[in-house]
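J.: To start, I am sharing the structure in question, which I have written as structure tokens.
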Amino acid sequence: MTTVDDRPSAEIGNRRLRKEDQRLITGRTKWTDNITLPGMVHLAMVRSPFAHARITSIDTSAAKEAANVIAVYTAADFPDGMGACANAWPITPEQVTPDHLPMVGERVACAGEIVAVVVARTAAQARDAAELVDVDYDVLPAVLDGLEAMKDEVLAHPDKGTNKSAFWKLDSAEAGTGGNVEEAIAAAREDGIVIKREYRQQRLIPAFMEPRSTVVDPTGEQVTMWTATQIPHILRFLIAATTGMPESKIRVIAPDVGGGFGGKLQTTPEEFITLAVARRLGKPAKYTETRSESLVSAHHGRDQYQKLTLSATKDGTVTGLKVELVANLGAYVAIVGGGVPVLGAWMFNAIYKFPAYQFNCQTVLTNTAWVDAYRGAGRPEATFGIERIMDELAAEVGVDPLAIREKNWIKHEEFPFTSVAGMTYDSGNYEAATARAKELFGYDELRAEQAARRESGDPVQLGIGVSTFTEMCGLAPSRVLGSLSYGAGGWESASIRMLPTGKVEVITGTSPHGQGHETAWSQIVADRLGVPFEDVEVLHGDTQVAYKGLDTYGSRSLVVGGEAVVRAADKVIEKAKAFAAHLLEANADDLEFSGGRFGVKGTDQGIGITDIALATFASHNYPEGLEPGIDADATFDPDDFSFPHGTHLCAMEVDTETGQTRMRKYVCVDDIGNVINPLIVEGQVHGGLVQGIAQALWEEAVYDENGTLVTGSFVDYTLPTAADTISFVTENTTSPSTTNTLGTKGVGEAGTIASTPAVVNSIVDALRPLGIHDIVMPCTPERVWKAIQSAGSHDGETTTEAQPHFDEAAPNNADPGSTGEGNAQ
Amino acid sequence: MIPAAFDYAAPETVADALAALADSDDAKVLAGGQSLLPILRMRLNAPEKIVDLGKIAELRGIREDGDAIVIGAMTAYADILTDPLVAEHAALLKAAIETVADPQIRHRGTIGGALVHADPAGDVGAPVLALDAELVIAGPGGERTVAAADFFEDLFTTAVGEDELLTAIRIPKHTGWGAAYEKFVRVAHQWSIVAVAATVRMDGDAIAEARVGLTNMGSTPLRATATEAALAGSAGTAQGIAHACGLAAEGTSPPSDLNGDADYRRHLAGVLTRRAVLSAVGR
Ligand SMILES: Cc1cc2nc3c(=O)[nH]c(=O)nc-3n(C[C@H](O)[C@H](O)[C@H](O)COP(=O)(O)OP(=O)(O)OC[C@H]3O[C@@H](n4cnc5c(N)ncnc54)[C@H](O)[C@@H]3O)c2cc1C
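This is the structure:
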């Protein structure tokens, strides 16, 4: 047996088609809802239609009588509870964290909350009977909006006495990472520029393609749960921690999972209820949500009010940035719900050299669906705020938006750079990415066209939007997480099994749900071990197979999990070396490993690593004192994050007659370090861009005044399709990361983080001559048109009623509003 | 999403379908299912019986009948789009149907289903109204014909009774008329926020006659009568067209929703009417 000689010299960097695509695209694979077990029963949930109400009675008798109904349960049927949806990241010790139980018996705190479950022989019968459960409610006043919640007039949880969950602050003067921001602002007021802006990060719905589904098999010594999740390992831990079941009695499997975008980074009421019902009945049980249920009750994302104060010298050199956030957490503090906005603390300062910085984040509870990670999680919100206000600074100084950025960004030769928020940026080259993006975009030509359209009064104006983003990814160094009171570590684990037939099994603790890990990990291992790409099998998402892991989110899988794979492979080589020396009767120091083969230096003698795998399987002949076998495990805990960056340019036509926008061109040049598979990277960037553009233009979760989700279907929650997008131009520059040996940075969220401000900046840029300096997202044609209409009538303030203003009386909010007129505030 | 249980009948003739409807107090007709199935699946309605028209051959197809073309109620959008009679004599209908949903839905959805469903944001009502079509309705008492102007009664309500069927749409030939449908949406698969169906008969450079239908400017499709009157017999100058089209929203009462309030819709109606008319006259 030889390792293959005709394989490409390097797999890393190859545009490999994804191994997993055939089964994923055809659906001939194990999605959770495809799983059918003998004797399996089906669940339907009874959900509250009200945002806030006391449950006065639940009559399940008619439902229990219905055809083929096995049981109907309410919370009262589980006096010892069913576990709990835990909050894993209390951002302060005093955080107000209402208990989040899978099923409530007394009071519902948001629409969609589960009050009963019907169990029947078929899903249709369960659904039919669910209609017969009669629940009486006393409707209570509901608070829905974050700024309303700040007033503490209507309480989301009256027993808590306040809607305020936690206040979190980072101050560069106090932390010793920079100066005093109030002094910087005061100085700029005397002789400089102060710009204040309020931005709204609307609420979004992750809208993954595969609705959530859970199957639980309680027969057997271990209870097995298959579930459409991003986090099988964390889920197993939290089931054990909140139900009292021994962790060793629980096996969680995330089979093929159809997208998550953070929306499946949760332990859900439905998972706990399905588990409880299956155990109670001793029968396998399945629950699959409908799309309508998913939109109402899977967690939402974003939903922040942002107030930014930026100070600069008259020439546009930034001197300080103060950020005040109000983040709406919804009805409960979800698994990392409180922490998501806090991640902005290290991102608002972005790529700019602010000497002074302060970040304030107030989280609040409301009677809405809980809010948690959505692609980018905290970084898109921050990137939007800073990239929008940098455009305002450019306008104030009267220079090109790229010029103001260049004046303030970290220069290439200044890396590694410690930011004013205390983060060390590993590597980057903003100059190179920007130069390449401008060239691909035809920046100067488009600026000339813009000028010509302005000159001629063309009803279709052209705007150019810029976003020079960075983000932190590779969650996360465990010590850093510990210092933030996060409930877990950030390491990742990998194992490599060298099978006797020459095949290689790679076990990863990450849990892919569409990202293509099976392909990328195979490429890494093929190169490292010198085995064919096809011979590598990547196993994941089953706590019995990959017993150790921290799953997939936060652009961590490659930079943390991939590095663990590299280290496991290196251990395999190290172990195999001793066997090679023995079998070759050579001194280990005389061996060199390349192309899958240990060769004795200066001779043509050698042995392949897969031959060693076979030899250790037989174990007829191996060195004294060694255990037979060359399999290896590794756990990698990163020392630091990695910081991808990029320059995104968007050209947008704005029809001033209708407010309609039409994207002309979108170019992005991202520096994500070394690239394992360019095809996968392009896919991640394209999808990410569309999600970010969708926030700018199309998507918003809207509740009516009663707390009913108006955007409860895809008729009203306007997700884009391919028909709504243009061909993007994407390229890379490369500054290898220094925080992992592969030199990679994350790319899963980059497109989403960067694109939203580029798009809004382009629309504002088109209309700025009219005195317009903001349009609230999503920038619907109506909002754009109304902004244009009112532009003449006042001084170009944000025009939409959809942006309530900060409460003037609230702490830190004594100075709201914006002028865009230098220090004239 | 699972509909509640229902009885099912699949008759092969109109007479049998009418009998099946008469048989039940709570029956619903199923055509292409593109509006009815979502309603059933979301359990917004749970009829006792579904009468599926899918097997009734006499309800499908497009034929010429003197001064008109006749389209069977069960004719799918996709078949209308490729039909030469429609292209020649009812270009406006074709232009509007091109904008409906996506190819899959256009292969299932029928013109009859769309008209009886009567969603004010649906795209076939306005062209059918603008083309002065007649709707043929069969019921227990025989057949009757209703003018499009009398067909649409309110939101989701038409002249077709619960025990009746729409069987055909008769469209007077508009041979040689220019036509355009201007549909305004935020994302491609969306229903019309506002749309305008315009068709014009030219006399040299002048506009001899014009018909303008409005989508989603009220609880039913509407005619922009003031615009039509101002265009008829006009010289067809850009200025004249702009003025006439500025009247498009007169007498309308458009809805307000997440996509725009009534004022914005009125404004859009004017702009889109101008664009549709300019395009219909070939500019
Ligand atoms: C995702 C999506 C997007 C869409 N986008 C658009 C769009 O952009 N523009 C647009 O105009 N439409 C759109 N539609 C709706 C589509 O046009 C439907 O096909 C149409 O409204 C109904 O036609 P159908 O044949 O499917 O009727 P069905 O759904 O079968 O029936 C609709 C109603 O009409 C009744 N009915 C049907 N036929 C008859 C008959 N012959 N006599 C009496 N009653 C009858 C039924 O009982 C039912 O009440 C969309 C639909 C979907 C699912």
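First to last, the sequence lines map onto chains A and B.
Reminder that position 436 of the first sequence reads as 436 in our numbering, one-by-one numbering, no gaps.
Here our numbering runs 825 ahead of the position in the second sequence, where the first position is 1.
Ideal placement from N, C-alpha and C gives every residue a C-beta, glycine not left out.
Could you tell me whether the Cβ of A:T756 comes closer than 8 Å to any Cβ of chain B?
T.: As a first step, residue 756 of chain A must be located in the first sequence, where it is residue number 756. With 8 Å as the cut-off, A:T756 does not count as an interface residue toward chain B.
J.: Under 7 Å from any heavy atom of ligand 1, does the C-beta of B:D944 make it?
T.: For the purposes of this step, residue 944 of chain B is taken as residue 119 along the second sequence, with counting starting at 1. Yes; taking the cut-off as 7 Å, the Cβ of B:D944 has a heavy atom of ligand 1 nearer than that.
J.: According to DSSP, is A:S483 part of a helix, a strand, or is it coil?
T.: The count along the first sequence starts at 1 and reaches residue 483 of chain A at position 483. If DSSP states are grouped into helix, strand and coil, A:S483 belongs with the helices.
J.: Taking its Cβ as the centre, do 16 or more other Cβ atoms sit within 10 Å of B:G1058, making it buried, or is it exposed?
T.: Taking the first residue of the second sequence as position 1, residue 1058 of chain B is located at position 233. Note on B:G1058: under 16 other CB atoms within 10 angstroms of its CB, so exposed under the neighbour-count rule.
J.: Could you check which residue in B:I827, B:E968 and B:E837 has the C-alpha nearest to that of A:A123?
T.: As a working mapping, residue 123 of chain A is identified with position 123 in the first sequence. When B:I827, B:E968 and B:E837 are compared, the shortest CA-CA separation from A:A123 is found for B:I827.
J.: Quick one: any contact between the stretch 365-373 of chain A and the stretch 345-353 of chain A, if contact means 3 or more CB pairs under 8 Å?
T.: no
J.: Per DSSP, what are the beta-bridge partners of A:V336 in this structure?
T.: Residue mapping note: residue 336 of chain A aligns to position 336 of the first sequence, counting from 1. According to DSSP, A:V336 bridges with nothing at all.
J.: Ordered along the chain, which non-local residues of its own chain (more than five positions away) have a Cβ less than 8 Å from that of A:A334?
T.: Along the first sequence, one-based indexing puts residue 334 of chain A at 334. For A:A334, where only same-chain residues beyond five positions count, the Cβ hits under 8 Å are C85, N87, H100, Q266, H299, W370, V371 and D372.
J.: Using beta-carbon positions only, say whether A:R251 and A:Q222 come within less than 8 Å of one another.
T.: Counting from one through the first sequence, the residue named residue 251 of chain A turns up at place 251. Counting from one through the first sequence, the residue named residue 222 of chain A turns up at place 222. Yes; because the gap between Cβ atoms is below 8 Å, this pair is in contact.
J.: Quick check: the Cα distance between A:F417 and A:E749, rounded to an integer number of angstroms?
T.: Here residue 417 of chain A is taken as the residue at index 417 of the first sequence, counted from 1. Here residue 749 of chain A is taken as the residue at index 749 of the first sequence, counted from 1. Straight-line Cα distance between these residues: approximately 22 Å.
J.: With DSSP as the reference, label A:S495 as helix, strand or coil.
T.: Position 495 of the first sequence, counted from the first residue, corresponds to residue 495 of chain A. Strand, per DSSP.
J.: Please report the straight-line C-alpha distance between B:T838 and B:E959, rounded to a whole angstrom.
T.: In the second sequence, the residue the question calls residue 838 of chain B occupies position 13. In the second sequence, the residue the question calls residue 959 of chain B occupies position 134. Their Cα atoms are separated by approximately 22 Å.
J.: Is any beta-carbon of chain C found at less than 8 Å from that of B:M1042?
T.: The displayed structure is made up of protein chains A and B, and chain C is not among them.
J.: If A:T519 and A:R16 are in contact, beta carbons under 8 Å, what's the gap, nearest whole angstrom?
T.: Residue mapping note: residue 519 of chain A aligns to position 519 of the first sequence, counting from 1. Residue mapping note: residue 16 of chain A aligns to position 16 of the first sequence, counting from 1. At roughly 6 Å, the Cβ-Cβ gap stays under 8 Å, so A:T519 and A:R16 are in contact.
J.: Do A:W698 and ligand 1 come close, with the Cβ less than 7 Å from some heavy atom?
T.: Taking the first residue of the first sequence as 1, we reach residue 698 of chain A at position 698. Answer for A:W698: no, Cβ out of range of ligand 1.
J.: Hey, is A:A123's beta-carbon within less than 8 Å of any beta-carbon in chain B?
T.: As a first step, residue 123 of chain A must be located in the first sequence, where it is residue number 123. So, interface residue.
J.: For A:Q266, does the three-state DSSP call read helix, strand or coil?
T.: As a working mapping, residue 266 of chain A is identified with position 266 in the first sequence. Looking at A:Q266 - three-state DSSP - the assignment turns out to be coil, as it is neither helix nor strand.
J.: Starting from B:V1096, find everything on chain A with Cβ-Cβ shorter than 7 Å and list it in chain order.
T.: Indexing the second sequence from 1 puts residue 1096 of chain B at position 271. Result: E657 and T658.
J.: Is B:A898 near ligand 1, going by C-beta to nearest heavy atom under 7 Å?
T.: Counting from one through the second sequence, the residue named residue 898 of chain B turns up at place 73. Yes, since a heavy atom of ligand 1 falls inside the 7 Å radius drawn around the Cβ of B:A898.
J.: For the stretch 765-786 of chain A, which residues have a beta carbon sitting closer than 8 Å to at least one beta carbon of chain B?
T.: T780, P781, E782, W785 and K786
J.: Less than 7 Å separating the Cβ of B:G937 from some heavy atom of ligand 1?
T.: The count along the second sequence starts at 1 and reaches residue 937 of chain B at position 112. Yes, ligand 1 has a heavy atom inside 7 Å of this Cβ.
J.: Using a Cβ-Cβ cut-off of less than 8 Å, give me the residues of the stretch 988-1012 of chain B that come near chain A, in sequence order.
T.: F1009, R1011 and V1012
J.: Strictly below 7 Å CB to CB, what residues from chain B border A:L720?
T.: Within the first sequence, numbered from 1, the residue matching residue 720 of chain A stands at position 720. According to the sequence provided, residue 720 of chain A is Pro. The question's Leu does not apply to it. Here the neighbours are V1012.
J.: Which whole runs of the alpha helix (DSSP H) in the stretch 840-927 of chain B are 4 residues long or more, in chain order?
T.: 861-866, 902-906, 909-914 and 916-922
J.: Ligand 1 and B:R868: does the residue's C-beta get closer than 7 Å to at least one heavy atom of that ligand?
T.: As a working note, residue 868 of chain B is residue 43 in the second sequence. Result no, Cβ not under 7 Å from ligand 1.
J.: Name the DSSP bridge partner or partners of A:L591?
T.: Numbered from 1 along the first sequence, position 591 holds the residue referred to as residue 591 of chain A. Bridge partners of A:L591: A:V600.
J.: For B:Y833, which residues in the same chain have their Cβ closer than 6 Å to its Cβ, ignoring the five residues on either side in sequence?
T.: Locating residue 833 of chain B in the second sequence gives position 8, counting from the first residue. If you ignore the 5 residues before and after B:Y833, its C-beta comes within less than 6 Å of the C-beta of I875, all in its own chain and listed in chain order.
J.: Determine, using beta carbons only, whether A:W491 comes closer than 8 Å to chain B.
T.: Mapped onto the first sequence, residue 491 of chain A falls at position 491. No, its Cβ sits nowhere closer than 8 Å to a Cβ of chain B.
J.: Sort A:V181, A:Y486, A:G625 and A:D138 by Cα distance to A:N360 and report the nearest one.
T.: Here residue 360 of chain A corresponds to residue number 360 of the first sequence, with the count starting at 1. For A:N360, the closest C-alpha among the options A:V181, A:Y486, A:G625 and A:D138 is that of A:V181.
J.: Quick one: which chain B residues come within Cβ less than 8 Å of A:S292?
T.: The residue given as residue 292 of chain A occupies position 292 in the first sequence. Those are M826 and M867, listed as they occur along chain B.
J.: Need the endpoints of the beta strand (DSSP E) that A:S555 sits in, please.
T.: To locate residue 555 of chain A, count along the first sequence from 1; it is residue 555. That residue, A:S555, is in no beta strand (DSSP E); it is neither H nor E in DSSP.
J.: Label B:L980 either buried or exposed according to how many other C-beta atoms from any shown protein chain fall within 10 Å of its C-beta, with 16 as the threshold for buried.
T.: Taking the first residue of the second sequence as position 1, residue 980 of chain B is located at position 155. Answer is exposed; the Cβ neighbour count stays below 16.
J.: Secondary structure at B:P1080, three-state DSSP: helix, strand or coil?
T.: By 1-based counting over the second sequence, the position of residue 1080 of chain B is 255. In the structure shown, B:P1080 sits in coil (DSSP, three-state: anything other than H, G, I, E or B).
J.: Kindly say whether B:N870, judged by its beta-carbon, lies nearer than 8 Å to any beta-carbon of chain A.
T.: Your numbering for residue 870 of chain B matches position 45 in the second sequence. No, its Cβ sits nowhere closer than 8 Å to a Cβ of chain A.
J.: For B:G1085 and chain A, any beta-carbon pair shorter than 8 Å?
T.: Translated into the one-based positions of the second sequence, residue 1085 of chain B becomes position 260. Judged by the 8 Å Cβ criterion, B:G1085 is in contact with chain A.
J.: Hey, is B:Y1089's beta-carbon within less than 8 Å of any beta-carbon in chain A?
T.: Numbered from 1 along the second sequence, position 264 holds the residue referred to as residue 1089 of chain B. Cβ-Cβ to chain A under 8 Å: yes for B:Y1089.
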